[in-house]
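Structure first, commentary second.
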Amino acid sequence: MARELVSLQYLRPPLHISRQFLNLSSPPLTLNLRPKPPQNPIFIRTDSHRNKTSADDDGIPAEDVKTIAKFKSRHNYIRVIEVSRKTNHPLAGSRLLLLDNPGNIHSISFLLKTLTDSYFDVFATLPPIIPPGPIGILGFGAGSTARLILELYPPEIAVHGWELDPSVIDVGREFFGLSKLERDHKDRIFINIGDALNASVKTGFSGILVDLFSKGSVIKELQDPQVWEDLKSRLRYRGRIMVNVGGKCVEAEDSDRDGALVMEETLRVMSQVFGDKLFVLTLGNGNDSSVALTGDLPDLDAWKKRLPRSELRSYVDMWIPYREFCLRY
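Counting from 533, one number per residue, gives the positions in the sequence shown under the working numbering.
Written out as structure tokens, the structure is:
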């Protein structure tokens with residue numbers, strides 16, 4: 533009997549990632565959903581797949597995962613799924629935006645809480661360490677990063693998002709509360725449809741958040757140093773860039789796009805542009821995805837004090853210089 537596979541992303545404080553498995557009832561139609569980036573695969577399996585380790589026992593029953601939208605746009609195969617609040621799992625009560633044929637999580641939201649326990653929360657630590665001014669979100673998805681920034685930080689902070697696929701924005705408005713977010717923060721959120729690498733504002737960005745994946749991989753353009761030179765030129769003085777660079781566990785549709793190698797190449801070309809002013813945070817136990825940060829390392833104590841939620845502070849101590857990261861990994 534074939535096995536239906538679902539890979540879903542979550543992070544459990546203090547950022548320890550473990551593998552968990554789900555039971556799937558028949559029919560065994562193949563479904564392969566992978567997160568962006570897939571730091572923590574969660575497998576749905578048929579009842580015939582019972583001979584697993586004890587680590588498999590605390591998964592989500594298949595009946596607790598519901599598909600509420602599914603269609604193809606010009607750019608993506610789009611699915612929205614919902615995890616029941618009744619299930620005993622960190623993703624309980626979440627709604628997930630899945631893109632690409634394998635299914636990559638591009639947005640996550642919870643009905644009853646703001647933080648996501650995912651790399652989106654790392655992105656939400658950026659505002660205290662950048663100068664005043666607009667923040668660019670390249671790879672907007674359904675608005676997970678924007679929501680965190682707008683709801684956690686004061687009104688003077690505005691976000692400008694870029695998303696290639698207008699259907700993704702439509703889904704965000706219908707299923708992820710993006711319309712309400714736009715109404716509540718109409719002078720703070722600006723959404724642009726188009727190539728995120730062309731993003732710019734007249735006054736320059738105080739910070740840029742880069743979350744650009746295609747077909748399960750960090751886009752190829754981010755392995756070009758000229759792209760980083762261009763993005764750097766759009767920053768204000770002392771502005772910073774924070775980037776989801778993927779990692780070892782990323783499984784792209786193209787087998788030649790090995791997650792670890794793509795991450796290493798992305799960081800390598802970034803180091804050509806930013807030199808020693810490049811730091812890396814690795815989620816999980818070292819086998820999971822990484823986030824990069826440009827600029828001088830901030831005063832860590834001051835950074836923690838300025839964060840709006842205590843849960844975000846654990847990320848601050850995780851940054852290491854890129855050169856040290858190379859030695860470790």
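Backbone N, C-alpha and C define an ideal beta-carbon position, used for all residues, glycine too.
Residue i versus residue j - alpha carbon distance
| i | j | result |
| --- | --- | --- |
| residue 648 | residue 807 | 32 Å |
| residue 627 | residue 615 | 6 Å |
| residue 864 | residue 784 | Absent from the structure is residue 864, since the part of the chain shown begins at 533 and ends at 861. |
| residue 905 | residue 822 | Residue 905 lies beyond the range of the chain shown here (533 to 861); nothing can be said about it. |
| residue 695 | residue 725 | 5 Å |
| residue 801 | residue 595 | 44 Å |
| residue 719 | residue 760 | 29 Å |
| residue 858 | residue 687 | 39 Å |
| residue 692 | residue 734 | 12 Å |
| residue 844 | residue 660 | 12 Å |
| residue 712 | residue 727 | 25 Å |
| residue 608 | residue 629 | 11 Å |
| residue 768 | residue 774 | 14 Å |
| residue 854 | residue 789 | 22 Å |
| residue 765 | residue 741 | 15 Å |
| residue 670 | residue 729 | 7 Å |
| residue 792 | residue 651 | 17 Å |
| residue 598 | residue 829 | 43 Å |
| residue 604 | residue 837 | 44 Å |
| residue 811 | residue 786 | 28 Å |
| residue 643 | residue 622 | 13 Å |
| residue 722 | residue 856 | 37 Å |
| residue 840 | residue 826 | 22 Å |
| residue 705 | residue 617 | 22 Å |
| residue 675 | residue 860 | 33 Å |
| residue 715 | residue 833 | 35 Å |
| residue 846 | residue 736 | 30 Å |
| residue 620 | residue 637 | 20 Å |
| residue 668 | residue 731 | 8 Å |
| residue 612 | residue 624 | 15 Å |
| residue 559 | residue 848 | At residue 559 the pLDDT is 32, less than 50, meaning the model places this residue with poor confidence; the figure from the coordinates comes in the next sentence. Going from the Cα of residue 559 to the Cα of residue 848 covers about 45 Å. |
| residue 763 | residue 842 | 31 Å |
| residue 776 | residue 743 | 5 Å |
Continuous beta strand (DSSP E) stretch holding residue i: start and end
| i | result |
| --- | --- |
| residue 599 | 597-604 |
| residue 867 | In this structure the chain extends from 533 to 861, so residue 867 is not present and cannot be described. |
| residue 816 | It is not in any beta strand (DSSP E) - residue 816 carries neither H nor E in the DSSP assignment. |
| residue 691 | 691-695 |
CB contact below 8 Å: residue i versus chain D
| i | result |
| --- | --- |
| residue 729 | The question asks about chain D, but that chain is absent: this structure has only one protein chain. |
The alpha helix (DSSP H) enclosing residue i, as first and last residue numbers
| i | result |
| --- | --- |
| residue 828 | Unbroken run through residue 828: none, as it is neither H nor E. |
| residue 833 | 832-838 |
| residue 847 | Segment: none, residue 847 is in no alpha helix (DSSP H) and carries neither H nor E. |
| residue 792 | 791-806 |
| residue 860 | 854-860 |
Cβ separation of residue i and residue j, assumed to be a contact under 8 Å, to the nearest whole Å
| i | j | result |
| --- | --- | --- |
| residue 662 | residue 771 | 6 Å |
| residue 673 | residue 738 | Contact doesn't hold; Cβ gap of about 21 Å is too wide. |
| residue 610 | residue 703 | 6 Å |
| residue 707 | residue 601 | 6 Å |
| residue 709 | residue 641 | 7 Å |
| residue 795 | residue 778 | 5 Å |
| residue 851 | residue 799 | Contact flag wrong, Cβ pair sits at about 13 Å. |
| residue 755 | residue 797 | 5 Å |
| residue 632 | residue 747 | 5 Å |
Residue i beta carbon near the ligand GTP (any heavy atom closer than 7 Å)
| i | result |
| --- | --- |
| residue 670 | The model on display carries no ligand, and the ligand GTP is accordingly not part of it. |
Start-end ranges of the alpha helix (DSSP H) lying completely within the region 701-789, minimum 4 residues | Unbroken alpha helix (DSSP H) runs of no fewer than 4 residues, entirely contained in the region 701-789, are found at 710-716 and 757-765, following chain order.
Is the region 643-662 in contact with the region 677-696, if contact means three or more CB pairs nearer than 8 Å?
-> The region 643-662 is in contact with the region 677-696.
At which residue ranges does the region 614-671 contain complete beta strand (DSSP E) runs of 3 or more residues, listed in the order of the chain?
-> With a minimum length of 3 residues, the continuous beta strand (DSSP E) runs that stay inside the region 614-671 are 626-631, 636-642 and 667-670.
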